Amino acid sequence: MIDPMRLLLLLLACLAAPAWAQERILRHDVDVRVHADGRLDVAERIEVAAEGRVFRHGLVRDIPLRFDDLQGDAVVADVEIRDVRRDGRPVPWRTTRTGRVLRLHVGDDRHLPVPSQPVFTLHYRTTRQPVFGAVQDAVALAGIGGDQPVATERASVMVHLPAAVAIGAMQAQSTTGADGVDARVALSSMGSAQWTTSGPLPPHAGFDVRLAFPKGVIADPGAAQRVAWWLQDRRGLLVALAGLVLLAGWCLLRWRRVRRSTRLSAVPVRREPPPGFSPAGLRFVRRMRPDPRGFAADLLAAAVDAHLRIVRVPQGARTGWRIERTRAGAHALPTLEQRAQLVALLPEPGAALDLRRHARDRIAGGCRAHTRALRRRFVPSLFRPHRGSVLGAVLIAVASAVAALMLAWHTPALPATVLVVALMLPMLAVFATLVRTPTAEGQALLRDVEGLRRYLGGAIKAGRGHDGASPVLDAARYVRLLPYAVALEVEDAWTQAFVASAGQQSAVATLAGLDWYRGIDVTDPARFSRSMGTSLTARIAASLRPKRRPRAG
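This is the structure we're talking about:
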């Protein structure tokens, strides 16, 4: 007599057997009709044995969308679902894009009756499937994809051409994803080919077919059609490029308009710098961004204030630059940015630094400290980004980027589209830095800066006119205001005014006797001023460039 407990355990084990292993596709037949214009009408009949595991609500079918043509270029086919039925009755369906396929979900939340053998019929139309060659054309299809997690007992693919073709003029090929399973093919002079598998296909085994035939059976796409396809495949990239051009145009127009609105008129001449502002500070306010010339002007100002010495030494065809700190007390410098610059470059008295590329890290650290101090002082108290212009640029970038990425998401042009969209980010950052408007306090300071620039640049005219209000341009005044002339890019005019006031020999003697300058003898005041402005700026900019990597070999 059988123990009841053992009988119960045996019954539970039978119930726990994997019912999903019994689920399978009993038959999968694909019928493809090729039209003369290259369109394909596809009808699929899929009969399944449903047990409620894989086929719970219906069927999932992956329809390939992307393939490579004869030139190796990726092609994206268009698929139009026309009819979906189960056992002859329409059923709900939806599609999603997943990688290279269009995933068709057949069914809804209701469960299939199990066990059952429903028959699903799918009708859809595709374009761009034919492959056009120089001698032959072909239709290549993933007739039965490898998307099903169950076995397929029997599969067939039938392809009908739009015209009769001799059997000898057609070439039929097929591949399956299963070892030991091939396909038998039957060709008809009516222009058709039928492939039938020789055995069951295991789960995830595909069935691909290819039928080649002479040219002329289907019409080659014309130039206009090829251009339309090319544009369609790259519509996301084109939208991104259009957005980039539109963004650049907006930034340029808004920058010009904002710059025009900040222009000053009827600026009075100012003969002294505004108190409490360094040369780089005045340049920063005028340009609304830091640069190497402002950095060089503050170095020159520190030298004039006897905190460092500038040394120029010949190095072959070039000129070498070195700065040496001459005394302690960086806190005695008048502005925050000058103190930050000196301490970062030359931390201790007696320290020296060659302005060469091998000292790039140290010079770059000095520039960062100098820039941070400038921004802390002047932003946003003296000027701030023009919010309306920046907001418009952001809206253009976001709208074009979202549209471009949505259109390009499943196309071969996606990497290029992402690259173009990424280019918008630095453009936005630069635009937000450039398109700035001064505050009321900044506007007043700008008037002082422009007034000082007018005086330094026109001092020679004032001297020739014997303007009694202008102070005497002696050596001390020239040297004291030279850093401001460098910062405002009028050092040549300022030096010419000094030479006209003091005389050539006296000017040369003054410059040759400067305590804060050593090195190459001064024989020409104009050349000296250019070296303190243009040459020193160029040396600092060159020192900030990345080091060149040695060539291999």
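To convert, note that position 508 of the sequence shown is 995 in my numbering; the numbers rise steadily by one, no gaps.
Backbone N, C-alpha and C fix where the C-beta goes; we use that ideal spot for every residue, glycine too.
These numbers were taken from a predicted model, which means no experiment stands behind them.
- For the pair of segments examined, the region 513 to 520 was found not to touch the region 544 to 551: the number of CB pairs separated by less than 8 Å stays below three.
- If you compare the alpha carbons of T997, R532, S1016 and A651 with that of W981, the shortest gap goes to S1016.
- In the DSSP annotation of this structure, the continuous segment of the alpha helix (DSSP H) that includes S1030 starts and ends at L1023 to S1030.
- Look at the beta carbons and you see the region 631 to 643 not touching the region 605 to 621: under three pairs across the two are nearer than 8 Å.
- Assignment of T806 by DSSP, reduced to helix, strand and coil, places it in the strand class.
- Beta-bridge pairing by DSSP links D624 to F619 and F700.
- Take the alpha-carbon of D669 and the one of P687: they are about 10 Å apart.
- Among the bridge pairs identified by DSSP, A642 is matched with H515.
- Counting only residues of its own chain and dropping the five nearest sequence neighbours on each side, P761 has a CB closer than 8 Å to the CB of L769, L932, D935, V936 and L939.
- The Cβ-Cβ distance between Q604 and S643 does not fall below 8 Å.
- Under the criterion of beta carbons closer than 8 Å, I810 and L787 do not qualify as touching, at roughly 10 Å.
- Just measuring C-alpha positions, the residue of L878, L589 and S1018 sitting nearest V922 is L878.
- Under the 8 Å Cβ criterion, the region 575 to 583 does not count as touching the region 530 to 542, having fewer than three qualifying pairs.
- Contact check for E824 and S765: beta-carbon distance about 6 Å, within the 8 Å limit, so the pair qualifies.
- W580: member of the beta strand (DSSP E) spanning W580 to T585, first to last residue.
- Residue pairing from DSSP places M677 in a beta bridge opposite V652.
- In the three-state reduction of the DSSP assignment, A753 falls in the coil class, being assigned neither a helical nor a strand state.
- The C-alpha of G620 lies about 10 Å from the C-alpha of A699.
- I797 has I810 and Y1004 as its beta-bridge partners, per DSSP.
- Here the C-alpha atom of H873 lies approximately 56 Å from the C-alpha atom of G633.
- Residue environment analysis places Q991 among the exposed positions, since fewer than 16 neighbouring C-beta atoms fall within 10 angstroms of its C-beta.
- In the structure shown, D565 falls within a strand segment according to DSSP collapsed to helix, strand and coil.
- Taking the Cα of V907 as reference, the smallest distance to any Cα among E976, A827 and V885 is reached at V885.
- Annotation: E928 is outside any beta strand (DSSP E); the continuous alpha helix (DSSP H) that includes it extends over A927 to G944.
- Around the beta carbon of G730, a 10 Å sphere encloses 16 or more other beta carbons of the protein chains shown; the residue is thus reported as buried.
- Taking a cut-off of 8 Å on C-beta distances, the region 1000 to 1019 touches the region 966 to 981, as three or more cross pairs fall below it.
- In this structure, L840 keeps its C-beta atom at 8 Å or more from the C-beta atom of V881.
- Under the 10 Å beta carbon count, H845 is surrounded by fewer than 16 other beta carbons and is classified as exposed.
- Beta-bridge annotation (DSSP): G594 is paired with G545.
- Minimum Cα-Cα distance from Y942 among the listed residues Q930, G929, R855 and S957 corresponds to S957.
- For R826, the enclosing alpha helix (DSSP H) has its first and last residue at L823 to L832.
- The alpha helix (DSSP H) runs of length 4 or more contained entirely in the region 851 to 924 are, from start to end of the chain, 874 to 895 and 901 to 921.
- Taking a 10 Å sphere around the C-beta of G723, we find 16 or more other C-beta atoms and assign the residue as buried.
- At the C-beta level, V652 and V696 stay beyond 8 Å of one another.
- Around the beta carbon of S676, fewer than 16 other beta carbons sit within 10 angstroms, so the residue counts as exposed.
- For T997, the enclosing alpha helix (DSSP H) stretches over residues Q991 to A999.
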